[in-house]
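FYI, in the numbering used here the residues of the sequence shown are 93 to 358.
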Amino acid sequence: MTDTVRTDAGPDTRHAGLLDRVYANFRQYLTGWGEQVRATGITDHFRSGLAQPQFNGVVRLRRPAEAGEAVTAAGEALAGVPWWWWVGQDSPIGTREALTRHGMTELGSLPVMARPLDRLGPVPRTPEGVRIVPETGPGLLAEVVRVYSRSMGAVPGIEPDLARIEARRADNGVIDRLAALDEGRVIGTATVISAYDVAGIFLVHVAEEYRRRGIGAALTDAALRVGRDRGMRHAALVASPAGEPLYQRLKFTTVSEYRLFAPPAP
């Protein structure tokens, strides 16, 4: 990729080198869900086969002039499952407009946030009895999946397939999964993928009855320390509206965004 990252608003060189690495990290993580399909070409796309849009989609269109062909091809490759098209600063100028012209519906935007890993603050306090541990073994992985799938509102019954795909990911060697435990019960999760000199942080979730107790902050801080210990220089994540204030308190700053699009109705 070039040193200058371009967007629909024009070139942006403020975080160019970092953003190249951040989006490469994100693409690796997202396409890693492609158990059924993981392909590059006109688009980079992936298909888990799960009935949840986060786990099927397109992460990059290479040439807006081919948007019509790409929308048709994506619809065929992802038929039968819900999916999203992720448009970030690794997509060329004109992608948003091209997708809209060809029937895609813009759902909204999510901030991409990042921070350096050289100066971490003190470890946040957690409620008494709560500890954060690395996920090890299929039993704990199943519980991690249970917590984050319920927290994200995933359709019932997909947990076994989610756990199977997680266990078989080709990039598990650079993935660390964290679990917050209360008396042995998993109550929170975070996932870190260390690639391209970036610790990408995903799936930060806390069981509803344990929220607003500092557990999300503790999980995110633990994820930062995992990335630092892996030798990464920056951490990055895609923030939800609920999570953005927390990440700002942890010294993340907004460096870009993803715009999400849904496909045309069949």
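Cβ coordinates follow ideal geometry from the N, Cα and C atoms, glycine included.
Within its own chain, the residues whose Cβ lies closer than 7 Å to the Cβ of arginine 223, once the five positions on either side in sequence are excluded, are Leu273, listed in chain order. Valine 150 has His137, Trp177 as its beta-bridge partners, per DSSP.
When DSSP states are grouped into helix, strand and coil, phenylalanine 118 belongs to the helix group. Beta-bridge annotation (DSSP): leucine 199 is not paired with any residue.
Nearest Cα to glycine 308 within the set Val179, Val215, Tyr115: Val215.
Contact between the region 134-147 and the region 260-268 is absent: fewer than three C-beta pairs spanning the two stretches fall below 8 Å. In this model, alanine 255 and arginine 139 are separated by some 16 Å (Cα to Cα).
In this structure, DSSP gives glycine 213 a state outside helix and strand, which the three-state scheme calls coil. In this structure, arginine 304 keeps its C-beta atom at 8 Å or more from the C-beta atom of valine 179. The three-state reading of DSSP puts glycine 109 in helix, counting H, G and I together. Counting every other CB atom within 10 Å of its CB across the protein chains shown gives asparagine 148 a total of 16 or more, marking it as buried.
The beta carbons of valine 204 and valine 114 sit about 7 Å from each other, so the pair counts as a contact at 8 Å.
Listed as beta-bridge partners of threonine 346 by DSSP are Met205. Secondary structure at threonine 218: coil, using DSSP grouped into helix, strand and coil.
Between serine 243 and histidine 194, the C-beta spacing is not below 8 Å. In the assembly as shown, threonine 164 is an exposed residue. Its beta-carbon has fewer than 16 other beta-carbons within 10 Å.
DSSP places isoleucine 185 outside both helix and strand once states are collapsed to three, so it counts as coil.
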